[in-house]
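K.L.:
The following block contains the structure, expressed as structure tokens.
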Amino acid sequence: MNLMRLTTICLLACTAAVHADNRKLAEVLTAQPAETQTRYYFRHPAETLSWLGIEPGMTVMEALPGGGWYSKILLDYLGPDGHLVGVDYNQSMFPKFGFVSAERIKAKETWAADWTADAQSWGGAESASISAFTFGTMPDSFHGKADAVLLVRALHNLARFRADGYLDTALKDSVAALKPGGILGVVQHEAREDKDDAWASGPRGYLKKSFVIEQMQAAGLEYVGSNNINQNPADQPGADDMVWRLPPSLSTSREDPELRVQMQSIGESNRMTLKFRKPK
């Protein structure tokens, strides 16, 4: 059975699962472009957003929104009474990767304004309002305003450069942005607990669940629980593997069709899905 067929089956199941309780989310998901829907089989947006308690009218802070895969869903789902806040890495973090061009680093100076302008074109007439900032530059006006913070595949690079304070700053901003009782949701490439700590420290994309929970609790959040929505047991990385070998990146098989097929058969990464709450 090919991925498109599996995606169709998953979409029908997902929308059926949320239809009775959340007609709007089902409608938003079925209205997304086919390219977006092909990822539902591995990303489970219906179950993920429902389990995290994301609802229309909320103010939601989304870390590392990029090209807007989740943002485009959230804008229409949160609706005209909602507010989507995009948050990118601090500009000073990008030179540390070693492969980001000078032009791209320069462009990051105006990321908040540029992303907001782009995102304005993603939603419809009844979409949420939009704003943005970068970690470490959060305006005081955002303090205590968010119903939820979403860290979807955004923690590994923050952890990778943890020694420079980027993870602590991001979590400090996230907690400060939340209302008392607000939810922080994590979807993150998950390393097995028996992996070496250095291997699972972020450069390969994977983190241990125990590490994530420890960091969130240290930041002042209460651990609510985990869900296996986004687990993929077929993802069993070896010592030399990184998460970007898998779809959608397929970075190690661009010149190797046979390896590409093998990576596609695994699918997207094994991911933890965790929920935390800011104490009231």
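The opening residue of the sequence shown carries number 1 in the numbering used here; numbering runs sequentially from there. For glycine and all other residues, C-beta sits at the position ideal for the given N, C-alpha and C. Only a predicted model underlies this, so the values are computations on that prediction, with no experimental measurement involved.
(1) Thinking C-alpha only, which one of 80, 56, 52, 89 is nearest residue 66?
(2) What's the C-alpha gap between residue 279 and residue 256?
(3) Are residue 222 and residue 246 close, meaning C-beta to C-beta below 8 angstroms?
(4) Using a 10 Å radius around the Cβ and a threshold of 16 neighbouring Cβ atoms, would you call residue 87 buried or exposed?
(5) Okay, do the stretch 57-76 and the stretch 202-221 touch, 3+ Cβ pairs below 8 angstroms being the bar?
(6) Is it the case that the Cβ atoms of residue 128 and residue 184 are separated by a distance below 8 angstroms?
(7) Taking contact to mean 3 or more Cβ pairs, one atom from each stretch, closer than 8 angstroms, check whether the stretch 113-132 and the stretch 146-162 are in contact.
(8) How big is the Cα-Cα spacing for residue 364 and residue 264?
(9) Would you list, in sequence order, the uninterrupted beta strand (DSSP E) runs of no fewer than 3 residues that lie entirely inside the stretch 36-75?
(10) Once you ignore the five residues that flank residue 260 on each side, which residues in its own chain have a CB closer than 7 angstroms to its CB?
(11) Give me, in chain order, the residues of the same chain whose beta-carbon lies closer than 8 angstroms to that of residue 15; leave out the 5 immediate sequence neighbours on both sides.
(12) Measure how close the beta-carbons of residue 161 and residue 96 come, nearest whole angstrom, since I'm counting them as under 8 angstroms.
(13) Taking the C-alpha atoms as reference points, what is the distance between residue 35 and residue 163?
(14) Enumerate in chain order the residues of its own chain whose CB-to-CB distance from residue 227 is below 7 angstroms, with the five nearest sequence positions on each side excluded.
(15) Report the rounded CA-to-CA distance for residue 49 versus residue 58, giving the unit in angstroms.
(16) Taking the alpha-carbon positions, what's the residue 23 to residue 122 distance?
(17) Rounded to whole angstroms, what's the CA-CA distance from residue 275 to residue 60? Just pull it up for me.
(18) What is the rounded straight-line gap between the Cα of residue 7 and the Cα of residue 137?
(19) Quick check: residue 91 and residue 103, are their CB atoms within less than 8 angstroms of each other?
(20) Give the straight-line distance between the Cα atoms of residue 180 and residue 149, rounded to the nearest whole angstrom.
(21) Report the option in 203, 236, 200 whose CA atom is closest to the CA atom of residue 262.
P.N.:
Once the coordinates are examined:
(1) 89
(2) 50 angstroms
(3) no
(4) buried
(5) no
(6) no
(7) no
(8) Nothing in the structure corresponds to residue 364, since the chain is present only between 1 and 280.
(9) 59-63
(10) 250, 253
(11) Residue placement at residue 15 cannot be trusted, given a pLDDT of 49 that sits under 50; the coordinates are not used to answer.
(12) 6 angstroms
(13) 37 angstroms
(14) 51, 273
(15) 12 angstroms
(16) 21 angstroms
(17) 14 angstroms
(18) Caution is warranted here: a pLDDT of 48 is assigned to residue 7, below 50, making its placement in the model unreliable, and no coordinate value can be reported.
(19) no
(20) 12 angstroms
(21) 236
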